[in-house]
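Take a look at the structure set out below.
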Amino acid sequence: MKDLAGRFSSRGWRVTVLAQGAVDAPHEALAGVAVVRSGEPGGRRVPGGLGYLMALGGLWRAAKRLPRHDVVVTMTDPPMLASLGPPLGRRWGCGVINWSHDLYPDLLPVIDVKLTDAAMASLRWLALASLRRCDAVVAIGDCMAARLARDGVPASRIVTIPNWADPVVAPVPWSGNPMRDALGLGDRFTVAYSGNFGLAHPLDAVLEAAADLAVRAPDVMFLLIGEGRGLKRIKSALDRMALRNVLALPWQPAANLSVSLGAADLHLAAMDARAEGMLVPSKIAGALAAGRPCVLLGPAGGAAAKLLTENGCGEVVAPGDATRLATVILAHANDPSFHRAARAKAAAAAALWSADQAADAFLALAAAIARPARSGPRLVGRPPPRSLAAGGD
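Heads up: the sequence shown is residues 1 to 393, going by full-length UniProt numbering.
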């Protein structure tokens, strides 16, 4: 959202970002972009389903206080946020885009949120009814676009715009990398999982592969970098297994992202097989931008898998197949020429898509569906309007 908001602003749009949280919460200033919070000073989040409902209510109340915008963009966290887009579009008489990063409520069982069949059916009806009333639905992968179309969202309104790597990420030479030096990695082949430890990102096979290689190839090192709701379970397993070849590290500052991603030789991404078409792990884009190949523990038919296999910059392993994962890691660690070729292909694949290209696609879409104040039918191809409201957690 930050990347797009800044680029919309530089093209003459007035951008408001509506987010959950205390109204006095600090945020990074971005020229031409206003950030509005939905909560109260000192407010705190309530966990679980009640917290999601409270978040939606707070975002709706805050949205109603905003001045009119020409386009509304809803995202997908908190779940069901898309349901607020069409009512806000009617209130303002403006265009509505839903930017789908995760498909809810279908994803809820995958992240172990248990609802009755009746509740799931009601939420699914609400979600699809909301998406069908949007002027456009942006999917972040062809697999997601296909699922949306199967669910009944008009194909003419679905636009696929993949996510991109953080523009600050660039390849950093392996030798002399300050993070490698600080961690004392030396010349050890290093594998990293860097990002969100979510409940839809199963990592059991990573820990099993690390335990296997701790015996067979003790010089191979694993870095687990990040946070998330699944981290507590991971740390508990690490304490129990006492693996000497695994380091768990916190989120790294954005300014250090290139160095952090470049500290590894090979990256990992994970995705529950049941989530195919419901999400696309965006950490792959960061790994490729750092010039590092990536192994996806996930389904072979999704957009992420195709990105890796079609460009020769990674492999796909079934989510629970620790034996195969260890074999792939050793293939890279034991064959420097093979690994160098994969690194070159990773950098080439990353160059195919950027934040600027994605912004051009979003700008064209927003201009096509925007409705200025007191307009009649939407105008396609007109000069850009001047205001966009984007909502998310």
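Idealized CB from N, CA, C, for every residue including glycine.
Distance CB(residue i)-CB(residue j) smaller than 9 Å
i: L249; j: M271; result: no
i: A318; j: P281; result: no
i: A273; j: P253; result: no
i: L66; j: V113; result: no
i: M278; j: D106; result: yes
i: Q20; j: S9; result: no
i: H339; j: V295; result: no
i: L231; j: F197; result: yes
i: D135; j: I97; result: yes
i: L363; j: R11; result: yes
i: D166; j: A289; result: yes
Alpha carbon of residue i to alpha carbon of residue j, nearest angstrom
i: W174; j: G262; result: 7 Å
i: V71; j: L59; result: 16 Å
i: P377; j: R180; result: Below a pLDDT of 50, predicted positions are generally treated as unreliable, and P377, at 38, falls in that range; no measurement from the model is reported.
i: L56; j: A333; result: 47 Å
i: I284; j: V33; result: 28 Å
i: D151; j: L185; result: 48 Å
i: E28; j: R14; result: 17 Å
i: A25; j: A62; result: 15 Å
i: L4; j: A361; result: 10 Å
i: L99; j: D204; result: Per the sequence presented here, residue 99 reads as Trp, with Leu not at that position. Spanning the two alpha carbons is a distance of roughly 31 Å.
i: R68; j: V17; result: 13 Å
i: A350; j: G291; result: 8 Å
i: G381; j: A127; result: Below a pLDDT of 50, predicted positions are generally treated as unreliable, and G381, at 33, falls in that range; no measurement from the model is reported.
i: D356; j: L308; result: 22 Å
i: V259; j: G228; result: 21 Å
i: P218; j: A242; result: 14 Å
i: L379; j: V73; result: Reliability fails at L379, whose pLDDT of 32 lies under 50, so the model's placement of it is uncertain and no value is given.
i: T76; j: G314; result: 28 Å
i: P109; j: T116; result: 11 Å
i: A390; j: I234; result: 34 Å
i: D239; j: L207; result: 11 Å
i: L365; j: A275; result: 27 Å
i: A331; j: A342; result: 11 Å
i: A82; j: N256; result: 33 Å
i: S194; j: N177; result: 17 Å
i: M144; j: S337; result: 35 Å
i: A287; j: S354; result: 14 Å
i: R91; j: S130; result: 15 Å
i: E310; j: A155; result: 25 Å
Residue span of the beta strand (DSSP E) that contains residue i, given as start and end
i: I111; result: Where I111 is concerned, there is no enclosing beta strand (DSSP E), given that its DSSP letter is neither H nor E.
i: R37; result: 33-37
i: A209; result: No beta strand (DSSP E) contains A209, which is instead part of the alpha helix (DSSP H) from 204-216.
i: I329; result: Run containing I329: none in the beta strand (DSSP E); it sits in the alpha helix (DSSP H), 322-334.
i: S236; result: Run containing S236: none in the beta strand (DSSP E); it sits in the alpha helix (DSSP H), 231-241.
i: L249; result: 246-249
i: E315; result: 314-317
i: A136; result: 136-139
Supposed close pair residue i, residue j - CB separation, criterion 8 Å
i: L213; j: A192; result: L213 to A192, Cβ: 14 Å. No contact.
i: A326; j: P171; result: Contact doesn't hold; Cβ gap of about 26 Å is too wide.
i: R133; j: P79; result: Going by Cβ atoms, the distance from R133 to P79 rounds to 18 Å, so no, they are not a contact pair.
i: R369; j: G95; result: In the sequence on display, residue 369 carries Ile and not Arg. That pair is a contact at about 4 Å.
i: L84; j: L183; result: With a Cβ gap of about 44 Å, L84 and L183 do not count as contacting.
i: I158; j: H101; result: With a Cβ gap of about 14 Å, I158 and H101 do not count as contacting.
i: V220; j: F189; result: 5 Å
i: G312; j: K345; result: 5 Å
i: W164; j: A358; result: 5 Å
i: R371; j: G93; result: 6 Å
i: L30; j: K2; result: 7 Å
Range covered by the alpha helix (DSSP H) that runs through residue i
i: A289; result: 283-289
i: R14; result: No alpha helix (DSSP H) holds R14; the beta strand (DSSP E) holding it covers 14-19.
i: T160; result: Segment 158-160 is the beta strand (DSSP E) holding T160; no alpha helix (DSSP H) there.
i: E310; result: 303-310
i: M80; result: Run containing M80: none; DSSP gives neither H nor E here.
i: F8; result: 2-10
i: W125; result: 117-132
i: R65; result: Unbroken run through R65: none, as it is neither H nor E.
i: P105; result: From DSSP, P105 is part of no alpha helix (DSSP H); its letter is neither H nor E.
i: V259; result: 257-262
i: R183; result: One point to set straight first is that residue 183 is Leu, not Arg, in the sequence displayed. From DSSP, the alpha helix (DSSP H) with L183 extends over 178-183.
Per DSSP, the bridge partner or partners of residue i
i: H267; result: A192, C294
i: M221; result: T190
i: A364; result: Partner(s): none; A364 has no beta bridge.
i: V168; result: Answer by DSSP bridge pairing: none, since V168 is not bridged.
i: A228; result: Residue identity differs from the one stated: residue 228 is Gly in this sequence, not Ala. In the DSSP output, where bridge partners are listed per residue, G228 has none listed.
i: residue 395; result: Since the first residue of the chain shown is 1 and the last is 393, residue 395 is not available in this structure.
i: L279; result: E276
i: S100; result: A139
Proximity test, residue i beta-carbon vs the ligand ADP heavy atom, cut-off 8 Å
i: I161; result: Ligands displayed in this structure: none; no statement on the ligand ADP is therefore possible.
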